Each structure stands twice: as C-alpha cells, then as structure tokens.
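Enquirer:
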Amino acid sequence: MHSHPYNDKASGQDMNNLKVGIGAVYHRDSKVLFFYDSRNSRIESEEYKIDTSKTLLDKLNDKFMK
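First residue of the sequence shown: -8, per this note's numbering; consecutive thereafter.
(1) If we ignore side chains and look at the alpha-carbon of each, how far apart do Asp20 and Asp28 end up?
(2) Who does Ala15 pair with in a DSSP beta bridge?
(3) Out of Leu24, Thr46, Leu47 and Asn(-2), state which residue places its alpha-carbon closest to the alpha-carbon of Ser36.
(4) With a CB to CB cut of under 6 Å and the five nearest residues on each side skipped, what residues in its chain are close to Tyr39?
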C-alpha cells in the first residue's frame, strides 16, 4: 500500500511493479482507499471513503488478512 497526494489511480509504474495480486492506494486529497491490479489502475467496485485511521486499517485488514 502507498499514498498518492494528487493522482486518484495507480500509475503505470505501480501496475508494472506489482509483485502480488492486488495493490492498494490511499488518495489523500479525496480520502479514498482504492485497489488496483496489473490490468486495472483503479478497480471501481473496490473504493472506500475513509473517515478515520481505524476505518483505513479495517479495510486493509479485510482485504489482505482474510
């Protein structure tokens, strides 16, 4: 996971460097967490508005730890 201050999708370099099946980006300006893979710079069905750091951690835990 990493944060983008300005871009609201994964960059081509992010997608090419992905070593696992799915990656996560937290867009700081809009406070949205989204996921991407090697073919999709932003998976539209997996976007979450984040209001607290607990919400962010919960969403990441749901995605990557289960």
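Where is the CB? At the ideal position from N, CA and C, for every residue including glycine.
None of the values given here were measured: they were computed from a predicted structure.
Expert: If we stick to the structure as given:
(1) On the sequence shown, residue 20 is found 29 positions in, with the first residue counted as 1. On the sequence shown, residue 28 is found 37 positions in, with the first residue counted as 1. Distance between the alpha carbons of Asp20 and Asp28: 22 Å.
(2) As a working note, residue 15 is residue 24 in the sequence shown. Ala15 pairs with Phe26.
(3) In the sequence shown, residue 36 corresponds to position 45, counting from 1. Of the candidates Leu24, Thr46, Leu47 and Asn(-2), the one whose C-alpha sits nearest the C-alpha of Ser36 is Leu24.
(4) Position 48 of the sequence shown, counting from 1, holds the residue named residue 39. Once the five neighbours on either side are set aside, the close Cβ partners of Tyr39 are Leu24 and Lys50.
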